[in-house]
Every structure is written in C-alpha cells, then in structure tokens.
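What follows is a set of notes on a single structure, which appears directly below.
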Amino acid sequence: MKFCKFYTNPEKTETQWGIVEGDIIKTLTKAPYDEVLPDGGSVKLSEVALACPCDATKIVAIGRNYYEHILEFNSEVPKEPLIFLKPTTALTDPDGSVEKPDFTNRFDYEGEIAVVMAKKAKNVKKEEALDYILGYTCLNDITARDIQYADSQWTRGKGLDGSAPVGPFVASGLVHNKIGIQTYLNGKKVQDGNTELMMWDIPSLIEYVTRYITLLPGDVFTCGTPVNVGPMVPGDVVEIVGEGIGTLRTTIL
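Okay, so the sequence shown: first residue is 9 according to this note's numbering, each after it adds one.
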C-alpha cells in the first residue's frame, strides 16, 4: 500500500492523506498512523500537488551507515550508530525546489531510504520495531559539505532550510533490508545502493535511537546514504528512486 499527502487548496495551506492506486488517490478521513479510514472520495494524482508524506516533529538521521560511503571520505568507522537531527524547516515537498545558499561551495546530494513512524516509540526492541512504522519513503539529505567539515558537529551543514526533500509516497509492506535506492543527477545514475548493505539495519536503528529519543507518529527516520555522494549546482535536477516507493524529484535553484 502506498500513502500520500497532498494539498487541497492553491495556497498550499491545507492537506489531506490518501492511498495511491495508479493515477487515483483514494482520500482518507485522517492520517493513517493508527488506522486507515477511506472517506469514499477520490482525486487524480496527476491533478494535485504532493506534500511531504509525514507530520514530523523532527527528522532523525543516521550518518556513516554504508561502509563504502565511509571509505569515500576516509572517515572513521563508527562503533555505534551516529545520530544527528535535521529541523522540520528542512522539509521540502516532492517535485519541489531547493535554493543553494551562496555561503557554501559544495552542496551535495545524499539519496536515502527513510521511515515514517506510525506509533510513539520509546525503548523499542528491534524484534518489535517494524510494528511501529507506517512505511518507507525517500529522502535527500542535502549537505553543505564544506560547512559540515568545518564544524565539530553537523547541525549547520545538514540543517539548512529545505535540505530534506521527502517523498513522494510512503510504501508499506516492503522488506526492510531489501530496498534498492538509486540517485540520478540530470538523468545520470550517480548512486546505486540497497538497504541490505547498511551496517545497521532499520530494526536495530530504531531500537538504538529510541533508547535516547522518543519518536512520535509522523516523525521521519532516515537511514544513511550509499557511496558516491556529489555536488549539485543551480539548474540541476536530482531524482532519488526508491524501489517500491517512487521517484523523489528536486530542482536546485
């Protein structure tokens, strides 16, 4: 099942959740976190603007979770998952645009598989972790690389406004450690990974993170990027393709 969130007015101030079936969105009475309640209505997917498919109070992210990505920067291999946060002001809608700030000389894409939480999660055991998620989506962990490495922590480099495009859909029922992900820059494939290559799988990450941070329904939890990140410049179009999810497209201004 694929869930989406879309705007219901031209001003993009009101949204509604739905289930995607081909080019049809079957509308829901509320967010599908605890139960899925269709309201009997429908709209055409091609006729609406999609919103981020989440209601995040925070974006919890994991760094250095693919071994080859660690090697490309000659970084230290972490002994435990490396957690950082992105603010909700980083969220960017599917098919949206992100402006490259003039104060960074390297503005990188990082294609990632992310999870949208369905339940409040605290001290969750990995054996039960998948019961707490709504499904899987794509996220571009846009990073000002020069700023990231100028600081001892990553808030400035990874917390920029608009630096977390998410979407286009949330797909349930996928096998968490068998999700392929590819990133395309102006139509050229630049990343090709799979969640089976992650150092820590999604259930283990949820167990680890919820030991320290409570995750709430609608929060986004993103799992790290595979090898071959690279820079973007104004005019570029970045597409992140999640197997069984869809294509997250972002234009750089």
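We put the beta carbon where it would ideally sit given N, CA and C, even for glycine.
For residue 234, which of helix, strand or coil comes out of DSSP?
On the sequence shown, position 226 is the one that residue 234 refers to. Looking at residue 234 - three-state DSSP - the assignment turns out to be coil, as it is neither helix nor strand.
Run through the DSSP bridge pairs and tell me what residue 36 is partnered with.
Taking the first residue of the sequence shown as position 1, residue 36 is located at position 28. Its beta-bridge partners are 46.
When 70, 189, 56 and 245 are compared against residue 214, the one with the closest alpha-carbon
Start at 1 with the first residue of the sequence shown, and residue 214 comes out as number 206. Considering only alpha carbons, the answer is 70.
Can you find at least 3 beta carbon pairs, one from the region 234 to 247 and one from the region 72 to 88, that sit closer than 8 Å?
yes
What do you get for residue 166, buried or exposed, if any count of 16 or more other CB atoms within 10 angstroms of its CB means buried?
Numbered from its first residue, the sequence shown carries residue 166 at position 158. Counting Cβ neighbours within 10 Å, residue 166 comes out buried, since at least 16 surround it.
Let me know the alpha helix (DSSP H) ranges lying completely inside the region 136 to 203, each 4 residues or longer, listed in chain order.
153 to 158 and 163 to 166
In the structure shown, what three-state DSSP assignment does residue 29 receive?
As a position in the sequence shown, residue 29 is number 21, starting the count at 1. DSSP places residue 29 in strand when its eight states are reduced to three.
Cβ-based burial, residue 256 [other Cβ within 10 Å; buried from 16]:
Position 248 of the sequence shown, counted from the first residue, corresponds to residue 256. Counting Cβ neighbours within 10 Å, residue 256 comes out buried, since at least 16 surround it.
Just to check my reading of the structure: residue 268 and residue 52 have Cβ atoms closer than 8 Å, yes? What is that Cβ distance to the nearest angstrom?
Any question about residue 268 goes unanswered here, given that the chain covers just 9 to 261.
Starting from residue 258, follow the beta strand (DSSP E) in both directions and report where the run begins and ends.
Here residue 258 refers to the residue found at position 250 when the sequence shown is read from its first residue. 254 to 260 is the extent of the beta strand (DSSP E) around residue 258.
With the cut-off set at 8 Å, would you say residue 198 and residue 243 are in Cβ contact?
On the sequence shown, residue 198 is found 190 positions in, with the first residue counted as 1. On the sequence shown, residue 243 is found 235 positions in, with the first residue counted as 1. Going by C-beta atoms, residue 198 is not nearer than 8 Å to residue 243.
By the DSSP assignment, the beta strand (DSSP E) with residue 248 in it spans what residues?
Taking the first residue of the sequence shown as position 1, residue 248 is located at position 240. Here the beta strand (DSSP E) through residue 248 covers 245 to 250.
Helix or strand or just coil, what does DSSP make of residue 83?
Locating residue 83 in the sequence shown gives position 75, where the first residue counts as 1. Correct three-state label for residue 83: coil.
Would residue 183 pass as a contact of residue 147 if the rule is Cβ separation under 8 Å?
For the purposes of this step, residue 183 is taken as residue 175 along the sequence shown, with counting starting at 1. For the purposes of this step, residue 147 is taken as residue 139 along the sequence shown, with counting starting at 1. No, the pair does not count as a contact, with Cβ atoms beyond the cut-off.
Could you round the C-beta distance between residue 189 and residue 251 to whole angstroms and report it? I think they count as a contact, below 8 Å.
Within the sequence shown, numbered from 1, the residue matching residue 189 stands at position 181. Within the sequence shown, numbered from 1, the residue matching residue 251 stands at position 243. Between residue 251 and residue 189 the Cβ distance is about 7 Å, and since that is below 8 Å, they are a contact.
Where does residue 95 sit, in a helix, a strand or coil, going by DSSP?
Here the question's residue 95 lines up with position 87 in the sequence shown. In the structure shown, residue 95 sits in coil (DSSP, three-state: anything other than H, G, I, E or B).
Buried or exposed: where does residue 47 fall if 16 or more other Cβ atoms within 10 Å of its Cβ makes it buried?
Locating residue 47 in the sequence shown gives position 39, where the first residue counts as 1. Classification for residue 47: exposed.
Distance, Cα to Cα, residue 178 vs residue 27?
Looking up residue 178 in the sequence shown gives position 170. Looking up residue 27 in the sequence shown gives position 19. Computed Cα separation, rounded: 10 Å.
I want to check one thing, is the minimum distance from the CB of residue 129 to the heavy atoms of the ligand COA below 7 Å?
What this structure holds is no ligand at all, so the ligand COA is not there to describe.
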